[in-house]
Amino acid sequence: MKVTIDNITLEVEQGTTIMQAARQIGPEIAPPAMCYYEPLKASGGKCRGCLVKVTAGSEKDPRPMPKLIPACLTQVQDGMIVENTINEEVLETRRGIVEFLLLNHPLDCPVCDQAGECHLQDFSFEHGVSNTRTAEERNTFEPTDLGPNIQLHMNRCILCYRCVYTADQITDGRVHGVMNRGDHAEISTYIGQAIDNDFSGNIIDVCPVGALTDKTYRFKSRVWFSKPVEAHCDCEKCSGQVTLWYKGDEVIRVTGRKNQWGEVKEFICNTCRFDRKKTSEWTIDGPTQISRHSVISANKYGANLIQPAFPISQAARDYKLIDDDRDRSFLTDQIKLEAKK
Amino acid sequence: MKILTEHIDVPGIETIDVFCKHGGYQAVEKAIKKMTPDEVTEEVKKSGLRGRGGAGFPVGMKWSFLAKPEGVPRYLVCNADESEPGTFKDHYLMWKSPHTLIEGMIVSSFALGANTSYIYVRGELMYVIHILEKAIQEAYDKGYLGKNILGSGYDLDLYIQPGGGAYICGEETALLESLEGKRGNPRIKPPFPAVKGVWQCPTVVNNVESIAATSWIINHGGDSYAAIGVGRSTGTKLISASGHIRKPGVYEIPLGITVEDFIYSDEWCGGIRDGHKLKAVVAGGSSVPILSAEMILNTVDGEKRLMTYESLSDGGFATGTMLGSGGFIVMDETTCIVHNTLTFARFYHHESCGQCSPCREGTGWMDKVIYRIEHGNGRKEDIDLLVDVAKKIEGNTICPLGDAAAWPVAAAIRHFRDEFEWHIEHPELAIQPGAVYMRPGASWA
Numbered sequence: 001m002k003v004t005i006d007n008i009t010l011e012v013e014q015g016t017t018i019m020q021a022a023r024q025i026g027p028e029i030a031p032p033a034m035c036y037y038e039p040l041k042a043s044g045g046k047c048r049g050c051l052v053k054v055t056a057g058s059e060k061d062p063r064p065m066p067k068l069i070p071a072c073l074t075q076v077q078d079g080m081i082v083e084n085t086i087n088e089e090v091l092e093t094r095r096g097i098v099e100f101l102l103l104n105h106p107l108d109c110p111v112c113d114q115a116g117e118c119h120l121q122d123f124s125f126e127h128g129v130s131n132t133r134t135a136e137e138r139n140t141f142e143p144t145d146l147g148p149n150i151q152l153h154m155n156r157c158i159l160c161y162r163c164v165y166t167a168d169q170i171t172d173g174r175v176h177g178v179m180n181r182g183d184h185a186e187i188s189t190y191i192g193q194a195i196d197n198d199f200s201g202n203i204i205d206v207c208p209v210g211a212l213t214d215k216t217y218r219f220k221s222r223v224w225f226s227k228p229v230e231a232h233c234d235c236e237k238c239s240g241q242v243t244l245w246y247k248g249d250e251v252i253r254v255t256g257r258k259n260q261w262g263e264v265k266e267f268i269c270n271t272c273r274f275d276r277k278k279t280s281e282w283t284i285d286g287p288t289q290i291s292r293h294s295v296i297s298a299n300k301y302g303a304n305l306i307q308p309a310f311p312i313s314q315a316a317r318d319y320k321l322i323d324d325d326r327d328r329s330f331l332t333d334q335i336k337l338e339a340k341k
Numbered sequence: 342m343k344i345l346t347e348h349i350d351v352p353g354i355e356t357i358d359v360f361c362k363h364g365g366y367q368a369v370e371k372a373i374k375k376m377t378p379d380e381v382t383e384e385v386k387k388s389g390l391r392g393r394g395g396a397g398f399p400v401g402m403k404w405s406f407l408a409k410p411e412g413v414p415r416y417l418v419c420n421a422d423e424s425e426p427g428t429f430k431d432h433y434l435m436w437k438s439p440h441t442l443i444e445g446m447i448v449s450s451f452a453l454g455a456n457t458s459y460i461y462v463r464g465e466l467m468y469v470i471h472i473l474e475k476a477i478q479e480a481y482d483k484g485y486l487g488k489n490i491l492g493s494g495y496d497l498d499l500y501i502q503p504g505g506g507a508y509i510c511g512e513e514t515a516l517l518e519s520l521e522g523k524r525g526n527p528r529i530k531p532p533f534p535a536v537k538g539v540w541q542c543p544t545v546v547n548n549v550e551s552i553a554a555t556s557w558i559i560n561h562g563g564d565s566y567a568a569i570g571v572g573r574s575t576g577t578k579l580i581s582a583s584g585h586i587r588k589p590g591v592y593e594i595p596l597g598i599t600v601e602d603f604i605y606s607d608e609w610c611g612g613i614r615d616g617h618k619l620k621a622v623v624a625g626g627s628s629v630p631i632l633s634a635e636m637i638l639n640t641v642d643g644e645k646r647l648m649t650y651e652s653l654s655d656g657g658f659a660t661g662t663m664l665g666s667g668g669f670i671v672m673d674e675t676t677c678i679v680h681n682t683l684t685f686a687r688f689y690h691h692e693s694c695g696q697c698s699p700c701r702e703g704t705g706w707m708d709k710v711i712y713r714i715e716h717g718n719g720r721k722e723d724i725d726l727l728v729d730v731a732k733k734i735e736g737n738t739i740c741p742l743g744d745a746a747a748w749p750v751a752a753a754i755r756h757f758r759d760e761f762e763w764h765i766e767h768p769e770l771a772i773q774p775g776a777v778y779m780r781p782g783a784s785w786a
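Right, dumping it as structure tokens:
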């Protein structure tokens, strides 16, 4: 089947989604995915970040589709023409989606463990705008413990449902889910139960933001200060294929191996993830391939030759120019009003 | 011309004996004994009956889309989760005359070949559920439900499922999820319910009023139903009239009377309450765009606007609205449109299911911004912000709740922008209790 995405035509098999086809072309064309997760069935369609314009439905019926459609769920038709990064309507909608997602998401990246490997950071960096239009207070929740190894920061959650599908599809029973509705919806267990099974740790890996964090790793390091290394072990519960994250000689974190799109290749068990933190327990396969544009590859292995595009002195000068230019005049108006009363 | 409410005031019409005395269950006898399912569907198609739940999709066409694979059961689900603010027609019909719905359910299920059908009733209407349960038991006792109905070999079981009272469960796929006992999140379409509905089987979901109308269509023929009304808006429609009118209530109107007639004639709403003037109308439940007095009475071409699907949407959203579910909310000049919009925005904020991000975050944002404007803390750029947020929600969500939340806000700003500006420019006046902006030279002033 032939499909054209951003003027690039390629042949794909029947049943391929637009997202999968775009990923075959490359990361420049692939729509962002905040909720879609290929290894998890039925995921996707919720964040609306991957909405694309279909300007011709198929060879047989070349009418354009009236609405933007989610690339992650829509299957390719023969002769379909899709516009992603070249369509202004798509980009404008995506700016809106970033804005919506950040509306109640705290900007606590400096203290968030996910920073550096956060999909929302990437999404807002690539598709968002730098200023904010909101003056409203964010919805907040208390951090909660989901068992001995996992902590939930509901403030950061974007309700992608990935952890719900993970618990449904790879563990014996799901004890957590989404409670309440709308922007007060939250991930929670019923009632304050712990998530306790051998594969529960995978919900940390699938979380696109820093909502679910590994308690054995919390605040130990920044992602870009640690070195990822591929390793394996003979585990009777899982494949034992993991990535070890080193800080100096110490393994500070164990995660599943992830592909280019941040998706876990093979889910790993909690013993591998939380308990095997000695190099002697692993066979090292070699360094993890990291995109040279990733912050994780910065300042490592001596091979990264990227220099800042502008001199440091200029950066220092510009720094002073960057100022918070949000209009807060209404706040003074409010004070005046209250003074009048 | 009354079809659904013809005998509604007869004492005891909720019992099957009185109902049968007034021509009840004749459609069941006729359909099951003398007609084939395809003939029933054909009759409904001929009638031009359009879905009464809001979208106005032709019922006969919806039925013909139903997938009919071998060996897979098919289901009919009646959407009685009526929760659109301003709409209370199904509630009235089910409460007063439950057998009208049950008769329609039997006829429709027969046409679709469904052997199990469900009525999903809003949980708040518990007493209506009791009335329906009693009526269903009576129908079982008379042999209109159960095994081998009227000796024809056709079986039908009818169940009532109370909902939890969530607005989102009125959306057909969320309703099916809820019916299956899950969290009422809308499903992502395709697949449509006609292919994979309840329990992953082909399903038709219809509104109470649509289903109730089918029995009259079978009794009198599709052509005589199509003879009522104007153009593609055939038959009669229950309108829930509320607001600042003399006679609020549920009215069955033949589609095609003028809006002016409906508001001012003594037969229907009886005009605006004493000493007041018409300011604005929400014509089809809270989701549809609000229109000012002159726009609702006349189209942009200067013709009288009619109570039909086409005439109300004449001019698109620039100058038109929608018939929707028929929740006709009339407002006089004492109504503050900003306050009214806040009420609607608050409702959608509360009822958004939270599954997809534009609706989850956008409805809350609009609510908070309008709250600020209403309480005298508005900023000049807030109005354009609201328009932009509404635009970014509309069409980008999984289900129509996003559209339904965006339209009333966008329309209120489109037609009453001066009122929002007045709130922002004169907060000290706007926060006074009952303060309403009076547009200079407005017909309602």
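Sequence order for the protein chains is A and B.
The opening position of the first sequence corresponds to residue 1 in my numbering, with each subsequent residue numbered one higher.
The opening position of the second sequence corresponds to residue 342 in my numbering, with each subsequent residue numbered one higher.
All C-beta atoms, glycine included, are put in the ideal place defined by N, C-alpha and C.
For clarity, every value in this text was computed on a predicted model and none was experimentally measured.
Between N104/A and chain B, is there a C-beta pair that is closer than 8 Å? In the first sequence, the residue the question calls residue 104/A occupies position 104. So yes, N104/A belongs to the interface.
Below-8 Å beta-carbon distance, T134/A vs any chain B residue: For the purposes of this step, residue 134/A is taken as residue 134 along the first sequence, with counting starting at 1. For T134/A, a Cβ of chain B is located within less than 8 Å of the residue's own Cβ.
Quick check on this structure: which residue in T441/B, T544/B, E692/B, L466/B has the alpha carbon closest to the alpha carbon of A554/B? As a working note, residue 554/B is residue 213 in the second sequence. Ranked by Cα distance from A554/B, the options T441/B, T544/B, E692/B, L466/B are led by T441/B.
Sorted by chain position, which residues of the same chain lie with C-beta nearer than 6 Å to S654/B's C-beta, five sequence neighbours on each side aside? Within the second sequence, the letter at position 313 stands for residue 654/B. Contacts found: G661, M663.
Any idea if D358/B is buried or exposed, counting beta-carbon neighbours within 10 angstroms, 16 or more meaning buried? As a first step, residue 358/B must be located in the second sequence, where it is residue number 17. By the neighbour-count rule (16 or more Cβ atoms within 10 Å), D358/B is not buried but exposed.
Below 9 Å on C-beta distance, what does I739/B contact in chain A? If you number the second sequence from 1, residue 739/B lands on position 398. Listed along chain A, the residues sitting closer than 9 Å to I739/B by beta-carbon distance are G45, K46, R48, P70.
If contact means a Cβ-Cβ distance below 7 Å, which residues of the segment 13 to 27 of chain A contact chain B? Within the segment 13 to 27 of chain A, no residue qualifies.
Whole alpha helix (DSSP H) elements within the segment 149 to 197 of chain A, 4-residue minimum: With a minimum length of 4 residues, the continuous alpha helix (DSSP H) runs that stay inside the segment 149 to 197 of chain A are 162 to 170.
Less than 8 Å between CB atoms is the rule here; does N304/A satisfy it with respect to chain B? For the purposes of this step, residue 304/A is taken as residue 304 along the first sequence, with counting starting at 1. Reliability of the predicted coordinates at N304/A is poor, the pLDDT of 48 falling under 50, and the value obtained from them is presented with this limitation in mind. With 8 Å as the cut-off, N304/A does not count as an interface residue toward chain B.
When we look at the beta-carbon of W245/A and count the other beta-carbons within 10 Å, is it buried (16 or more) or exposed? Reading the first sequence from its first residue, position 245 is the one you call residue 245/A. Buried: at least 16 other Cβ atoms inside 10 Å.
Min CB distance A115/A to chain B below 8 Å: Here residue 115/A refers to the residue found at position 115 of the first sequence. Not an interface residue.
Considering only C-alpha positions, which residue in the set G590/B, R758/B, E593/B, V545/B is nearest to L632/B? By one-based count along the second sequence, residue 632/B stands at place 291. In terms of Cα proximity to L632/B, the closest of G590/B, R758/B, E593/B, V545/B is R758/B.
By DSSP's criteria, T599/B is part of a beta bridge. Which residues make up the other side? Reading the second sequence from its first residue, position 258 is the one you call residue 599/B. In the DSSP assignment, the residues bridged to T599/B are L647/B.
Are P630/B and P741/B close, meaning C-beta to C-beta below 8 Å? Sequence index remark: in the second sequence, residue 630/B carries index 289 (1-based). Sequence index remark: in the second sequence, residue 741/B carries index 400 (1-based). No, these two residues do not count as a Cβ contact at 8 Å.
Nearest-angstrom Cα separation, counted from C118/A out to N304/A: In the first sequence, the residue the question calls residue 304/A occupies position 304. In the first sequence, the residue the question calls residue 118/A occupies position 118. Unreliable positioning characterises N304/A in this predicted model, as indicated by a pLDDT of 48, which lies under 50. A coordinate reading is not provided.
Alpha helix (DSSP H) segments (min. 4 residues) lying fully within the segment 194 to 235 of chain A: Here the runs fully enclosed are 202 to 206.
Rounded to whole angstroms, what's the CA-CA distance from L68/A to V641/B? Just pull it up for me. Along the first sequence, read from residue 1 onward, the residue named residue 68/A stands at position 68. Along the second sequence, read from residue 1 onward, the residue named residue 641/B stands at position 300. Rounded to whole angstroms, the separation of the alpha carbons of V641/B and L68/A is 30 Å.
CB-CB length for V175/A against Q151/A, believed under 8 Å: Along the first sequence, one-based indexing puts residue 175/A at 175. Along the first sequence, one-based indexing puts residue 151/A at 151. Going by Cβ atoms, the distance from V175/A to Q151/A rounds to 16 Å, so no, they are not a contact pair.
Interface residues of chain B around L159/A at Cβ under 8 Å? The residue you call residue 159/A lines up with position 159 of the first sequence. For L159/A, the chain B residues whose C-beta falls within less than 8 Å of its own C-beta are G695, Q696, S698, R701, listed in chain order.
Decide yes or no for the touch test of the segment 152 to 170 of chain A against the segment 189 to 204 of chain A: beta carbon pairs closer than 8 Å, at least 3 of them. The segment 152 to 170 of chain A, when compared against the segment 189 to 204 of chain A, does touch it at the 8 Å Cβ threshold.
Distance between A421/B and E521/B (C-alpha atoms, nearest Å): Taking the second sequence and counting its residues from 1, one reaches residue 521/B at position 180. Taking the second sequence and counting its residues from 1, one reaches residue 421/B at position 80. One Cα belongs to E521/B, the other to A421/B, and the distance between them is close to 16 Å.
With a CB to CB cut of under 6 Å and the five nearest residues on each side skipped, what residues in its chain are close to A30/A? Position 30 of the first sequence, counted from the first residue, corresponds to residue 30/A. Cβ neighbours of A30/A beyond the five flanking positions: A22, R23.
Contact set for I381/B: own chain, Cβ-Cβ below 6 Å, skip 5 residues either direction: Position 40 of the second sequence, counted from the start, is the residue given in the question as residue 381/B. Correcting the residue identity first, residue 381/B is Val in this sequence and not Ile. Cβ neighbours of V381/B within its own chain (closer than 6 Å, five residues either side excluded): A372, A452.
Within chain A, the residues that R524/B reaches when beta carbons sit closer than 8 Å: Counting from 1 along the second sequence, the entry for residue 524/B is found at position 183. Neighbours of R524/B on chain A, chain order: G177, V178.
On the three-pair Cβ rule with 8 Å, is the segment 635 to 651 of chain B touching the segment 545 to 552 of chain B? Because the criterion of three Cβ pairs below 8 Å is not met, the segment 635 to 651 of chain B and the segment 545 to 552 of chain B do not touch.
In this structure, does DSSP put P439/B in helix, strand or coil? As a working note, residue 439/B is residue 98 in the second sequence. It is helical.
What would DSSP say about I81/A, mapped onto helix, strand or coil? Numbered from 1 along the first sequence, position 81 holds the residue referred to as residue 81/A. Assigned with DSSP and collapsed to three states, I81/A falls in strand.
Are any of the Cβ atoms in chain A nearer than 8 Å to that of H691/B? Taking the first residue of the second sequence as position 1, residue 691/B is located at position 350. Interface residue, yes.
C700/B and G736/B: beta carbons closer than 8 Å? The residue labelled residue 700/B in the question sits at position 359 within the second sequence. The residue labelled residue 736/B in the question sits at position 395 within the second sequence. Going by C-beta atoms, C700/B is not nearer than 8 Å to G736/B.
Backbone CA spacing between P70/A and V710/B [nearest angstrom]: Residue numbering aside, residue 70/A sits at position 70 when the first sequence is read from its first letter. Residue numbering aside, residue 710/B sits at position 369 when the second sequence is read from its first letter. Just so you know, the alpha carbons of P70/A and V710/B end up roughly 28 Å apart.
If you compare alpha carbons, which of K46/A, G26/A, S291/A, L10/A is closest to Y165/A? Reading the first sequence from its first residue, position 165 is the one you call residue 165/A. Taking only the C-alpha atoms, the option nearest Y165/A is K46/A.
Could you check if H690/B is buried or exposed, using at least 16 other CB atoms within 10 Å of its CB as the buried criterion? Here the question's residue 690/B lines up with position 349 in the second sequence. H690/B should be labelled buried.
Under 8 Å between C-beta atoms, does D342/A make it to chain B? Nothing about residue 342/A can be reported from this structure: the residues present for chain A run from 1 to 341 only.
Start and end residues, beta strand (DSSP E) containing C419/B: Along the second sequence, one-based indexing puts residue 419/B at 78. Start and end: 416 to 421.
From S291/A to R48/A, what does the alpha carbon distance come to, in whole angstroms? Within the first sequence, numbered from 1, the residue matching residue 291/A stands at position 291. Within the first sequence, numbered from 1, the residue matching residue 48/A stands at position 48. Computed Cα separation, rounded: 26 Å.
Does DSSP classify E550/B as helix, strand or coil? As a working note, residue 550/B is residue 209 in the second sequence. DSSP, reduced to helix, strand and coil, places E550/B within a helical segment of the structure shown.
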